[in-house]
Amino acid sequence: MPSGPLRGRIRVPGDKSISHRSLMLGALAVGETRVSGLLEGEDVLATAEAMRQMGATITREAGGTWSIHGVGVGGLLQPAAPLDMGNSGTSTRLLMGLIASHGISATFTGDASLSKRPMGRVIEPLSLMGAGFDASDGGTLPLTMHGALPAVPMTYRLPVASAQVKSAILLAGLNTPGVTTVIEPVPTRDHSERMLRGFGAELTVDEVDGERIIKVRGDAELRPQTIEVPGDPSSAAFFIVAATLVEGSDLVIENVGLNPTRAGLIEVLRLMGASIEELDAREVGGEPVADLRVRHAPLSGIDVDPAVAPSMIDEFPVLFVAAALAKGTTRTSGLEELRVKESDRISAMAEALALAGARVEETEDGLTIHGTGGELLRGTQDGHEVLTHLDHRIAMSMAIAGLVSRDGVAVDSTAPIATSFPDFLSLLHGASA
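The numbering of the sequence shown is this note's numbering, which starts it at 7 and goes up by one.
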């Protein structure tokens, strides 16, 4: 239903990518790492539990700070039971990298959605380093892997832009003698590089002919850190779009991480006419951070440059909602990666927006959306519900669409939102009350 304007100040949960990595690297450092602002969603808690099973001591203190006593690089223990990854592709792929160069075996399981997602893109490079895999057909979970000790250092050119594959190889390289090299033809989010350096790994990044060449030296000794996790830009995205679309909105979102490899949505929305101001820009733990002031503004459709896709791959579902209310047509392309996320996000959003009254055309690698020029969407009708396909970003995106529709938008389940943003609905209600 149309809501009141979004006003005041809010904080979104900690960045998911940085939360995962702080637990993993803290578990590999010798001594105590302390983390504040950790995202306490189901995906990150799955990572914490896996690291506990492999020997780290991880506790949450009364004030919300997490304490991690690590086992040292090379010190991971054989888990006594399968590692249940729930819905988390990030946990799975990065932990496969960690285990690849340790002399232990581990079995990974996950929920129905995660068990459909392709792991072959990680299995291939880790196999080249010496790890062994017994996977389900198509390289999916459940999967058992056998780490190699010693693993073999290598140079690997990423065939597809993927921060998770890059990170898995770099994490494997930590306990591999010699230098492990990843060549990235298209830059992806660089949280792993920033945090590995922060923990004391010997890591270099060189730009050669537009490619990034990342080298990490093995037999690393990681030093414990104190980490303040910035707000997750992917979570902030829903509120940025909501405040842009709902008339009269003037909202400040505090402490948002603005890593340039993640800030593509802000760039695209500004090109469409959004009013997004950065207040108190600062650096926290090697990551750029600012408070964002977002005011309602009319949007115009654009052709989104496919080169921006890696820096906002998770934000396209909510960008599609913004485009549905823009003036004119928005075209997106180069988004094949969206078809193998928690759901096929291209098809799922095409169906969801059409059900809510938007004019959408699906292509092989994106959507073309004909905006209403600011008019409210119709909303879902006659008992129809949007199918979220167990995908948290579909559910949250369509909740934002509901704010700017006449009849509201019904979804089949809001339960998946807990994987990344447990307080999403109450925060949204509070900002627009």
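Just so it is clear, CB atoms sit at the ideal spot from N, CA and C, and this is done for glycine as well.
Keep in mind the model is a prediction, meaning the values are calculated, not measured.
Worksheet item: Got a sec, what are the start and stop residues for the alpha helix (DSSP H) Arg-276 sits in?
Response: 270–278
Worksheet item: Hey, how far is the Cα of Val-366 from the Cα of Met-404?
Response: Taking the CA atoms as reference points, Val-366 sits about 15 Å from Met-404.
Discussion item. On the DSSP bridge list, what partners appear for Arg-299?
Written reply: According to DSSP, Arg-299 shares a beta bridge with Val-258, Glu-283.
Practice prompt. Indicate whether Gly-334 and Ile-352 have their beta-carbon atoms separated by less than 8 Å.
Written response: no
Fill in: Cβ shell of Asp-212 (< 6 Å), same chain only, five flanking positions each side left out
Ile-219
Item to complete: Could you check which residue in Leu-257, Val-235, Val-324 has the C-alpha nearest to that of Leu-264?
Response: Val-235
Worksheet entry | Opposing strand residues paired with Val-366 [DSSP bridges] | Ile-375
Item to complete: Report, in whole angstroms, the separation of the C-beta atoms of Leu-147 and Gly-116, which I expect to be a contact under 8 Å.
Response: 5 Å
Discussion item. Please give the ranges of any beta strand (DSSP E) in the stretch 113–189, keeping only runs that are unbroken, at least 3 residues long and fully inside the region.
Written reply: 138–142, 146–152, 161–163
Worksheet item: Buried or exposed: which applies to Val-214, given that a residue is buried once 16 or more other Cβ atoms fall within 10 Å of its Cβ?
Response: The residue in question, Val-214, is exposed, as its Cβ has fewer than 16 Cβ neighbours within 10 Å.
Worksheet entry | alpha helix (DSSP H) segment containing Lys-22, residue limits | 22–34
Worksheet item: What three-state label does DSSP hand His-398 in the structure shown?
Response: helix
Item to complete: Please state if the CB of Ala-332 and the CB of Gly-377 are separated by a distance shorter than 8 Å.
Response: yes
Discussion item. I'd like to know whether the C-beta atoms of Ala-330 and Ala-358 end up nearer to each other than 8 Å.
Written reply: Between Ala-330 and Ala-358, the gap from beta carbon to beta carbon reaches 8 Å or more.
Worksheet item: Among the residues of its own chain, which have a CB less than 6 Å from the CB of Glu-284, if the five just before and after it don't count?
Response: Answer for Glu-284: Ala-296, listed in chain order.
Practice prompt. Give the DSSP-derived three-state secondary structure of Leu-431 in the structure shown.
Written response: helix
Worksheet item: Contact check, Ala-356 vs His-390 under 8 Å by CB: the rounded distance?
Response: 15 Å between Cβ atoms; not a contact.
Discussion item. Taking 6 Å as the limit between beta carbons, can you name the residues of its chain near Ala-226, skipping five residues before and five after?
Written reply: Val-79, Leu-180, Ala-207
Item to complete: Identify every residue that forms a DSSP beta bridge with Glu-213.
Response: Glu-213 pairs with Arg-218.
Worksheet item: Secondary structure at Val-415, three-state DSSP: helix, strand or coil?
Response: Val-415: coil per DSSP, three-state reduction.
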